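The numbering of the sequence shown is this note's numbering, which starts it at 96 and goes up by one. The beta carbon of each residue, even a glycine, is placed where N, CA and C say it ideally should be. Source: prediction; values computed, not measured. Inspection log for the structure reproduced underneath, given as structure tokens.
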Amino acid sequence: MEELADQGKIRLIGVSNFPVGELRRAQAALSRHRIFSNQVRYSLIDRTIEGRLLDYCQQNHIAVIAFTPLGHGLDQISRMDPSGVLERIAKQCGKTRAQVALNWCLAKEGVVTIPKASTIERVAENCGASGWRLTAEQLQELSHGIRYQRRGTLEIALRRIARYVFQRIGREPA
96 MEELADQGKI RLIGVSNFPV GELRRAQAAL SRHRIFSNQV RYSLIDRTIE GRLLDYCQQN
156 HIAVIAFTPL GHGLDQISRM DPSGVLERIA KQCGKTRAQV ALNWCLAKEG VVTIPKASTI
216 ERVAENCGAS GWRLTAEQLQ ELSHGIRYQR RGTLEIALRR IARYVFQRIG REPA
């Protein structure tokens, strides 16, 4: 990766789905460049990175690029929001639920989002998530009012085992 950066073929080095240990090892392997970003799943309903990984990225100036920042759609978020916190705050702000959910992610230091943009209308809606801020009270209400999951260490361990097995047999996972 450093050779590619030195040759001008890439500007910055980014990784995807690296936990803290892998980020540390990857950064230690670099001598002239640093890791600029880590692309990970992050949303109102999937906060697995909160705590150790998000803190590490913030402390080390590694941008977090949140993919699936709307979970797997607003219907999924609605199921995790039985009291309607997202809808109520969207009405208060004069924004859509998607814009509020994206803005919640953007309110986190060092986090940017890459939401689905399959239509012009969706692109316009996504753009409406920036240029304004939720209040501290609204952020707290969303954080506490919407149920969320943290994928556990078992899932992470299984991924590492699978990666190890595929490396040993000289294949890429399907």
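Residue i versus the options, residue with shortest Cα-Cα distance
i    : options                : result
E204 : R258, V159, V260       : V159
D176 : L253, R106, R242       : R242
K190 : S225, P114, A257, H167 : S225
I157 : F113, G103, A257       : F113
Q153 : I215, V115, T214       : V115
Q194 : W227, T214, R174, I215 : W227
Residues near residue i by beta carbon distance below 7 Å, same chain, minus five either side
i    : result
C200 : Y137, S138, A161, P164, V206, T208
P210 : P164, L165, L197, N221
Supposed close pair residue i, residue j - CB separation, criterion 8 Å
i    : j    : result
N198 : L229 : 6 Å
L169 : R192 : 6 Å
L234 : A202 : 6 Å
Secondary structure of residue i, DSSP reduced to three states
i    : result
A212 : coil
D141 : strand
G109 : strand
A100 : helix
H167 : strand
N133 : strand
A257 : helix
A193 : helix
A124 : helix
I172 : helix
I157 : coil
Cβ neighbours of residue i in the same chain (closer than 8 Å, five flanking residues each side left out)
i    : result
R127 : E97, A100, D101
V110 : E117, L118, A121, I130, S132, N133, Q134
I172 : S138, L139, I140, L165, G166, L181, R192, A196, I241
E236 : V180, I184
A212 : V218, N221
L125 : M96, E97, I108
Q187 : Q233
Other residues of its chain near residue i: CB distance less than 6 Å, five sequence neighbours each side excluded
i    : result
I144 : V135, Y137
Y151 : V115
Evaluate the contact criterion for the region 207-227 versus the region 178-186: three or more CB pairs, one atom per stretch, below 8 Å. no
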